[in-house]
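Working notes, structure below.
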Amino acid sequence: MEWPNLLSDGKAELMQGPDDHVQETSSYEFDWGTAIPWLRSQTKLQIWLKGVLSPEDVTLAIKHGIDGIVVSNHGGRQLDGVPATLDALRECALTAGSRIPIAVDGGIRRGSDIFKAIALGACHVFVGRIPIWGLAYNGQAGVELALKILMHEFRLTMGLAGYVWRLPLKKVVANGKRCRNIKEITPDHLTYVDNSGRLAKL
């Protein structure tokens, strides 16, 4: 598996049209019933499907025995206009229920974003830019600092939303009721506001 355009000097790509590149790097013949069993025959590791944005794909992933899914729009750089991952997560989690674990990436910039993702059904989140910013700032120490900031913001959000992180037991309290882990965070902690309409009369 590779990105062929990163392995060449770029001259060949300049002579090609967009269709040529897609045909070289993608296959229109992908079939769940063939691809997943083949992957299973190649590894004993879990198989997670990344790039899921629709409940229909969640259903197919469950049907074909995928171990987990990652709700992702690949940073929005593969196709503009794709849904935001948090919006897609809301719908995908409803379909998945407890039948398949869900992770999410894209747009995670604050600890409060992690809280939102967990509340909407994610079992964990991926972060990309935050550690890279930390690396650029101060190497390994910068990465560690960036992750500590994320964790601090996450705990603060938990507290403001009704949860209190108890150390060193690492238990949380919600509305005076002790919980064993952060999976007790639920969609009830969020209010979804549709801002697709006009927000001001100017």
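Each residue of the sequence shown is one higher than the last, beginning at 1 in full-length UniProt numbering. Cβ atoms here follow ideal geometry from the backbone N, Cα and C, with glycine treated the same way. As the structure is a computational prediction, the values presented were derived from the model and not from experiment.
What are the boundary residues of the beta strand (DSSP E) that includes residue i?
| i | result |
| --- | --- |
| lysine 50 | 48-52 |
| glycine 68 | 68-71 |
Which term fits residue i, buried or exposed, when burial requires 16 or more other beta carbons within 10 angstroms of its beta carbon?
| i | result |
| --- | --- |
| alanine 146 | buried |
| asparagine 73 | buried |
| lysine 116 | buried |
| glycine 106 | buried |
| leucine 86 | buried |
Beta carbon of residue i: closer than 7 Å to some heavy atom of the ligand ATP?
| i | result |
| --- | --- |
| valine 71 | Ligands are entirely absent from the displayed structure, and the ligand ATP is therefore not among its contents. |
Short of 8 Å in beta carbon distance, which residues of its chain neighbour residue i, apart from the five on each side in sequence? Order them along the chain.
| i | result |
| --- | --- |
| isoleucine 66 | Ile36, Ile47, Trp48, Leu49, Ile100 |
| alanine 61 | Leu49, Val52, Ile69, Ile100 |
| proline 55 | Glu91, Cys92, Leu94, Thr95 |
Which stretch, first to last residue, makes up the alpha helix (DSSP H) that contains residue i?
| i | result |
| --- | --- |
| isoleucine 62 | 55-63 |
| isoleucine 102 | From DSSP, isoleucine 102 is part of no alpha helix (DSSP H) but of the beta strand (DSSP E) over 102-104. |
| isoleucine 130 | 129-160 |
| glycine 111 | 111-119 |
| cysteine 92 | 85-96 |
| alanine 35 | 32-42 |
CA-CA distance, residue i and residue j?
| i | j | result |
| --- | --- | --- |
| glutamate 144 | arginine 129 | 13 Å |
| serine 41 | cysteine 92 | 28 Å |
| leucine 120 | methionine 151 | 18 Å |
| glycine 81 | arginine 90 | 18 Å |
| isoleucine 114 | isoleucine 108 | 7 Å |
| glycine 142 | proline 131 | 8 Å |
| glutamine 78 | leucine 160 | 36 Å |
| glycine 76 | glycine 139 | 27 Å |
Leaving out five residues on either side along the sequence, give the residues of the same chain with a beta carbon under 6 Å from the beta carbon of residue i.
| i | result |
| --- | --- |
| glycine 111 | Leu150, Glu153, Phe154, Thr157 |
| histidine 64 | Trp32, Ile36 |
| valine 104 | Val71, Thr85, Leu89, Ala117, Ala122, Val125 |
Grab me the residues of residue i's own chain with a C-beta within less than 7 Å of its C-beta, minus the 5 sequence neighbours each way, in chain order.
| i | result |
| --- | --- |
| alanine 84 | Gly107 |
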